[in-house]
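A quick write-up on the structure given underneath.
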DNA sequence: TTTCAATAGTTGAAATGTCAATCGTCACGG
DNA sequence: CCGTGACGATTGACATTTCAACTATTGAAA
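Chains as they are written, first to last, in this note's numbering: chain U, 171 to 331; chain V, 171 to 331.
Here you go:
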């Protein structure tokens, strides 16, 4: 058992390397494919689509900029620029928060809801085809990605029910 | 069995949504953490680190720009800009290909090998801690990510041996 | 009250990535 | 040879992301 301890090593062994590379490659290819499909078919990037989805699930008032940033794992600055562009495009509007004048809410416009409705089937198709149908055991994938997320401080996340 | 067919749907059901979100969140958090650690500790981004790794594994002559681009899933244009920056930094050098004068080779300089050696332990530590140690079954993870990659046209990839 | 550290968000500049030409070279059919 | 279309890579303009201030507001302590 001379090499089986979990001590620190300065590099990964061959098999661990392979796990990492496989993970990186799959993720990059998948995100790229989703982004490409959304861009070509409905002229929307994956990051922008993500924001529309979050806002689409929020109530009438939308979300505070900070909440939106956290839920999408964007920096404050990035969310500010991104929402400004979405506002330009007419899909999102910002309203300042009545109870805390530092804050503002972002919410979907009618046109934003239309755009989201247009994009959803494209996203669903690609995820279905290349993520969900590609694996033989979705539950097992879910458990693994949940563990990784938890290790990185992710919230327990919306329970499925 | 009224809803169990694999027909096309226009949106994902709740449980499929959850799989997708968990996958996206884990991947974003992991890549962000690796990038952050590399940036803070050795002042190198994850994309740049990836390129140094590929070049570090290549022979004396390095790799053709196109090969490097493919192995890192970068566009031709992106690889050109990125290598130009790495060359600026003194970690990479370009030499034009003798047998095909359109092409060029990129290879690590001594300084580039040093930089890579400095970065490797940082990368290994974070991947170990948040990917490999976080999951209970690395083989199962590997199988899943391989399937996803294959579904997106990935090469069978370097066999582990 | 007045001060002051902390918070929410924005801003502009620099770095990075994407997109659409473009350049030089190659290979192949006349 | 001489086109001519395909290929490998680069370029510059533009879009996005990051980074480091900065503004305005809040809450709380003196």
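Just so you know, even glycine gets a beta-carbon here, dropped at the ideal spot from N, CA and C.
Query raised in the report: Which residues in the same chain have their Cβ closer than 8 Å to the Cβ of residue 272 of chain U, if we skip the five residues on either side of it in sequence?
Result: Residue mapping note: residue 272 of chain U aligns to position 102 of the first chain, counting from 1. Counting only Cβ-Cβ distances below 8 Å, and skipping sequence neighbours, we find nothing.
Query raised in the report: Going along chain U, which residues have a C-beta under 8 Å from residue 319 of chain V?
Result: For the purposes of this step, residue 319 of chain V is identified with residue 149 of the second chain, where counting begins at 1. Within chain U, the residues near residue 319 of chain V are 192, 195, 196 and 199.
**Report entry** Under the three-state DSSP convention, the category residue 305 of chain U falls into
**Finding:** As a working mapping, residue 305 of chain U is identified with position 135 in the first chain. Residue state, collapsed to three classes: coil.
Requested in this report: May I have the straight-line CA-CA distance separating residue 245 of chain V from residue 252 of chain V, to the nearest angstrom?
Outcome: For the purposes of this step, residue 245 of chain V is taken as residue 75 along the second chain, with counting starting at 1. For the purposes of this step, residue 252 of chain V is taken as residue 82 along the second chain, with counting starting at 1. Each residue's Cα considered, the two are about 10 Å apart.
Query raised in the report: Can you list, in chain order, the residues of its chain whose CB lies under 7 Å from that of residue 263 of chain U, leaving out five sequence neighbours each side?
Result: What you label residue 263 of chain U is simply residue 93 of the first chain in a count that begins at 1. Hits under 7 Å: 257, 277 and 279.
**Report entry** CB of residue 312 of chain V within 8 Å of CB of residue 188 of chain U, strictly
**Finding:** Counting from one through the second chain, the residue named residue 312 of chain V turns up at place 142. Counting from one through the first chain, the residue named residue 188 of chain U turns up at place 18. Yes. Within cutoff.
Query raised in the report: Would the stretch 207-219 of chain V and the stretch 308-323 of chain U be scored as touching if the rule is three or more Cβ pairs under 8 Å?
Result: no
Requested in this report: Quick one: measure Cβ to Cβ for residue 238 of chain U and residue 224 of chain U, integer angstroms, because I've assumed they're closer than 8 Å.
Outcome: The residue you call residue 238 of chain U lines up with position 68 of the first chain. The residue you call residue 224 of chain U lines up with position 54 of the first chain. About 6 Å; that satisfies the 8 Å criterion.
Report task. Give a yes or no on whether the C-beta atoms belonging to residue 199 of chain U and residue 314 of chain V are separated by under 8 Å. Result -> Along the first chain, one-based indexing puts residue 199 of chain U at 29. Along the second chain, one-based indexing puts residue 314 of chain V at 144. In this structure, residue 314 of chain V does not lie closer than 8 Å to residue 199 of chain U by Cβ.
Query raised in the report: Name the residues in the stretch 295-310 of chain V whose C-beta lies less than 9 Å from a C-beta of chain U; which are they?
Result: 295, 297, 298, 299, 300, 301, 302, 303, 304, 305, 306, 307, 308, 309 and 310
Query raised in the report: Start and end of the beta strand (DSSP E) containing residue 254 of chain U?
Result: Position 84 of the first chain, counting from 1, holds the residue named residue 254 of chain U. Taken as a continuous stretch (DSSP letters only), residue 254 of chain U belongs to no beta strand (DSSP E), being part of the alpha helix (DSSP H) at 246-258.
Query raised in the report: Which stretch, first to last residue, makes up the alpha helix (DSSP H) that contains residue 238 of chain V?
Result: Within the second chain, numbered from 1, the residue matching residue 238 of chain V stands at position 68. Its alpha helix (DSSP H) spans residues 235-242.
**Report entry** residue 230 of chain V, buried or exposed, once every other Cβ within 10 Å from all chains shown has been counted against 16
**Finding:** Here residue 230 of chain V refers to the residue found at position 60 of the second chain. Residue 230 of chain V comes out exposed.
Requested in this report: May I have the straight-line CA-CA distance separating residue 300 of chain V from residue 193 of chain U, to the nearest angstrom?
Outcome: Residue mapping note: residue 300 of chain V aligns to position 130 of the second chain, counting from 1. Residue mapping note: residue 193 of chain U aligns to position 23 of the first chain, counting from 1. Cα-Cα distance, rounded: 13 Å.
Query - Beta-carbon separation (whole angstroms), residue 289 of chain U vs residue 208 of chain U, contact threshold 8 Å - result: Residue mapping note: residue 289 of chain U aligns to position 119 of the first chain, counting from 1. Residue mapping note: residue 208 of chain U aligns to position 38 of the first chain, counting from 1. Residue 289 of chain U to residue 208 of chain U, Cβ: 6 Å. Contact.
Query - is_contact[residue 188 of chain U, chain V] using C-beta, thresh 8 Å - result: On the first chain, residue 188 of chain U is found 18 positions in, with the first residue counted as 1. At least one CB atom of chain V sits nearer than 8 Å to the CB of residue 188 of chain U.
Query - Helix, strand or coil at residue 206 of chain V according to DSSP, with G and I counted as helix - result: Position 36 of the second chain, counted from the first residue, corresponds to residue 206 of chain V. Residue 206 of chain V: helix per DSSP, three-state reduction.
Query raised in the report: Is there at least one Cβ from chain U nearer than 8 Å to residue 243 of chain V's Cβ?
Result: Position 73 of the second chain, counting from 1, holds the residue named residue 243 of chain V. So yes, residue 243 of chain V belongs to the interface.
Query raised in the report: CB-CB under 8 Å to residue 317 of chain U, same chain, minus the five flanking residues each way: which ones, in chain order?
Result: The count along the first chain starts at 1 and reaches residue 317 of chain U at position 147. Taken in chain order, the list of residues that qualify is empty.
Requested in this report: Give me the Cα-Cα distance between residue 307 of chain V and residue 186 of chain U, rounded to the nearest whole angstrom.
Outcome: Residue numbering aside, residue 307 of chain V sits at position 137 when the second chain is read from its first letter. Residue numbering aside, residue 186 of chain U sits at position 16 when the first chain is read from its first letter. Residue 307 of chain V and residue 186 of chain U: Cα-Cα distance of roughly 12 Å.
**Report entry** Buried versus exposed, by CB contacts within 10 Å (16 or more), residue 227 of chain U
**Finding:** Position 57 of the first chain, counted from the first residue, corresponds to residue 227 of chain U. Its Cβ having fewer than 16 others within 10 Å, residue 227 of chain U is exposed.
Query raised in the report: If residue 203 of chain U and residue 243 of chain V are in contact, beta carbons under 8 Å, what's the gap, nearest whole angstrom?
Result: Taking the first residue of the first chain as 1, we reach residue 203 of chain U at position 33. Taking the first residue of the second chain as 1, we reach residue 243 of chain V at position 73. Wrong, their Cβ atoms sit about 11 Å apart, outside the cutoff.
Query raised in the report: Are the Cβ atoms of residue 195 of chain U and residue 319 of chain V separated by less than 8 Å?
Result: Along the first chain, one-based indexing puts residue 195 of chain U at 25. Along the second chain, one-based indexing puts residue 319 of chain V at 149. Yes, these two residues count as a Cβ contact at 8 Å.
Report task. Express the C-alpha separation of residue 266 of chain V and residue 282 of chain U in angstroms, rounding to a whole number. Result -> As a position in the first chain, residue 282 of chain U is number 112, starting the count at 1. As a position in the second chain, residue 266 of chain V is number 96, starting the count at 1. Inter-residue distance for residue 282 of chain U and residue 266 of chain V is about 50 Å (C-alpha atoms, whole angstroms).
Query - Any C-beta of chain V under 8 Å from that of residue 181 of chain U - result: Locating residue 181 of chain U in the first chain gives position 11, counting from the first residue. True, the Cβ-Cβ gap to chain V drops below 8 Å.
Query - Contact set between the stretch 210-227 of chain V and chain U, restricted to residues whose Cβ is under 7 Å from the partner - result: none
Report task. Could you tell me which residues DSSP puts in a beta bridge with residue 278 of chain V? Result -> Counted from its first residue, the second chain places residue 278 of chain V at position 108. V/262, per the DSSP bridge assignment.
Query raised in the report: Considering only residues of the same chain and omitting the five flanking positions on each side of residue 292 of chain V, which have a CB-CB separation below 7 Å?
Result: Start at 1 with the first residue of the second chain, and residue 292 of chain V comes out as number 122. Answer for residue 292 of chain V: 207, 208, 211 and 212, listed in chain order.
Report task. Verify the CB distance criterion: does residue 252 of chain U have a CB-CB separation below 8 Å to chain V? Result -> Within the first chain, numbered from 1, the residue matching residue 252 of chain U stands at position 82. No, residue 252 of chain U lies away from the interface with chain V (no Cβ there is under 8 Å from its Cβ).
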